Amino acid sequence: MTILVCAVLVLVAVTGTVVVTTRDPKAQAVTLSVYGLVLALLFFALQAPDVALSQIAVGSALVPLMVLLAVRTVGKGVGKGRDAK
Amino acid sequence: MTSWLAYLVAAWLLVVGLYGVVTSHHLVHTVVCVSIAQSSTYVLLLGIGYQNGATAPIFGATTPPGTAVVDPVVQALSLTDIVVSATVTALLLALAIQVHRRHGTVDPDELHSLRG
Amino acid sequence: MTRRTRLLVFAVGGLGLLVVLVIAMAGIPGFGGGLHPYRDRAVAAGLAQRTPNVVASVNFDLRGLDTFGEELILLASVLGAATLLRTTRTERRREPPAPRSLPSTVLAGYLMLPVTLVLGLDVVVHGHLTPGGGFQGGVVLATGLHLLYVAGSYPALRRLRPLDWYEYGEAAGSGLFALTGLAGVVAGTGLLSNLLPHGSFGSLLSTGTVPLLNVAVGIGVGAGVVVLLAAFLEAEVATR
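Chains as they are written, first to last, in UniProt numbering: chain F, 1 to 85; chain G, 1 to 116; chain V, 1 to 240.
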């Protein structure tokens, strides 16, 4: 049991680092989603199913979706902003 | 050593997230790094509340009252934390989009002065 | 500040932070130990209210006021994000282009939609008995609705999503939470006190106000997330 927790903890640290070092925000939406799932796995291993459910719904679906939509919004039509102040 | 691994992972996530914020070239990347830094608090909280061999704090037929359970208080805190983190991320992403609309760039290094 | 100096400043600060954190963590009781004074008190209090899911008891009964604050944070941030993302004058509102998704994706989207909605409702109404609750269920419901977008049918999503109603829904969820809280004041037992009968341990209608508040939060969060995602979708569609 403890070995499982330790393994998932290391996995969390590794995937978290991968998310930060993914410089392309579009790819980051994917790695963030994976990170969210790994965190949820850790929460299940730590006997926190409530938090894990929340993490699956929020961390691996909702937030990456918002990130993806934001990336697509700012990725298009660069420099056509500057509307009336 | 293993007994402090959870806390070390939490500290690592916080510092790595901050490193990402400092070196970011894209505001959306910055926002994601902030959420990574924030996720360190979930690991720390749940790590503090964990007890070897204890079950989830949900009682029922298989877990009669009196069974050893892990700390529900830190779980409730993490739950709140996750939802607040999502809303903060949403607000920051909206700000990033607004910066792009106003200045035409999302590279923090190209944003020299604040314009109203 | 150049990137070099910034990195240097961060290296010093980050290392210092790491050292301070490690020193602080050495003082925390070790991972997996048996010393949990808050656990002991919360479990006793939750069981006294006959709530099987003690996490739900902490969130909606013992510390209901904190959850109300969280609900208000959500309301404020949805409001803020939607305001920031309003389509500006330079961006013309456009109709989204005809959807192009693989037929299998469309089928999967439509098949998953009812399953997700039922799952979300189940998670909300059993929040006091099993893992889950208003927050988790609300997010599942709201993201489930967006499977229609994955299935490529943005017009269908728009028809299913009269945004006004979701805005009212979010207000109604927060309002129901506040009214339930104020009922305690009127009854003289205090704000957000659990004044309904607790029922029998483990049954659906038990634990007093916990399921009621779960439903209130479920409505508020579900509607709020729909409004939030709608704002992001509109901004994305508007900028082409």
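Even for Gly, the Cβ is constructed at its ideal location relative to N, Cα and C.
Remember, it's a predicted structure, so these values are computed and weren't measured experimentally.
Anyone know if the C-beta pair for residue i and residue j falls short of 8 Å?
i, j, result
"Q136/V", "V123/V", "yes"
"G138/V", "Y50/G", "no"
"T209/V", "T239/V", "no"
"L46/G", "S3/G", "no"
"Q75/G", "A57/F", "no"
"L195/V", "A183/V", "yes"
"residue 118/G", "S40/G", "Residue 118/G cannot be examined here, being either before or after the span of chain G that is shown, 1 to 116."
"residue 243/V", "A216/V", "Residue 243/V lies beyond the range of chain V shown here (1 to 240); nothing can be said about it."
"R6/V", "V22/G", "yes"
"V78/V", "G224/V", "yes"
"L9/F", "L32/F", "no"
"F60/V", "L233/V", "no"
Can you look up residue i in the DSSP assignment and give me helix, strand or coil?
i, result
"V69/G", "strand"
"A7/F", "helix"
"T62/G", "coil"
"T105/G", "coil"
"Q28/F", "helix"
"T87/G", "helix"
"N53/V", "strand"
"Q38/G", "helix"
"G199/V", "coil"
"T55/G", "strand"
"G32/V", "strand"
"T189/V", "coil"
"R82/F", "Its pLDDT being 38, under 50, R82/F is placed unreliably in this model, and the value from its coordinates should be taken loosely. Three-state result, R82/F: coil."
"R23/F", "coil"
"Q47/F", "coil"
"P131/V", "coil"
Please list, in chain order, the chain F residues whose beta carbon lies closer than 7 Å to that of residue i.
i, result
"E236/V", "L69, R72 and T73"
"W12/G", "A13"
"F135/V", "S54"
"H112/G", "Here the premise fails: no neighbours, minimum Cβ distance about 15 Å."
"V139/V", "A57, V58 and L62"
"A96/G", "A70 and V74"
"P162/V", "In chain order: nothing, as chain F lies at least about 21 Å away."
List, in chain order, every chain V residue whose beta-carbon is nearer than 9 Å to that of residue i.
i, result
"S3/G", "G30, F31, G32 and G33"
Tell me whether residue i, by its Cβ, gets closer than 7 Å to a heavy atom of the ligand GDP.
i, result
"H126/V", "Here there are no bound small molecules, and the ligand GDP is not part of this structure."
Check the Cβ of residue i against every Cβ in chain V and list those closer than 8 Å, keeping chain order.
i, result
"L4/F", "The contacting residues do not exist; L4/F stays about 13 Å from chain V at best."
Cβ closer than 8 Å: which chain G residues qualify as neighbours of residue i?
i, result
"V34/F", "The contacting residues do not exist; V34/F stays about 12 Å from chain G at best."
"M112/V", "Here the premise fails: no neighbours, minimum Cβ distance about 22 Å."
Since residue i meets chain F, which of its residues come closer than 8 Å, beta carbon to beta carbon?
i, result
"V83/G", "S54 and V58"
"V106/G", "V74"
"P131/V", "P49, D50, A52 and L53"
Give me the chain G residues within the contact set of residue i, using Cβ-Cβ distance strictly less than 7 Å, ordered along the chain.
i, result
"V20/F", "V16, G17, Y19, G20, C33 and I36"
"S9/F", "The amino acid occupying residue 9/F in the given sequence is Leu; Ser does not appear at that position. Within 7 Å Cβ-Cβ: L5, A6 and V9."
"I73/V", "V84 and T87"
Residues of chain F with CB closer than 9 Å to the CB of residue i, please, in chain order.
i, result
"L229/V", "L62, L65, M66 and L69"
Quiz item: Any residues in the segment 28 to 44 of chain G with a beta carbon nearer than 8 Å to a beta carbon of chain V? Which ones, in chain order?
Solution: Residues: none.
Practice problem: Give, in chain order, every residue of the segment 37 to 52 of chain F whose Cβ lies closer than 9 Å to some Cβ of chain V. | Solution: Correct list: A48, P49, D50, V51 and A52.
Practice problem: Could you list the residues in the segment 166 to 197 of chain V with a C-beta less than 7 Å from some C-beta on chain F, going in chain order? | Solution: The residues in question: there are none.
Self-check item: Members of the segment 68 to 82 of chain G near chain F, C-beta cut-off 7 Å
Solution: Cβ contacts with chain F come from V70, Q75, S78, L79 and I82.
Quiz item: Which residues, in order along the segment 45 to 60 of chain G, keep a beta-carbon less than 9 Å from a beta-carbon of chain V?
Solution: Among the residues of the segment 45 to 60 of chain G, those with a Cβ less than 9 Å away from any Cβ of chain V are G47, I48, G49, Y50, Q51, N52, G53, A54, A56, P57, I58, F59 and G60, in the order of the chain.
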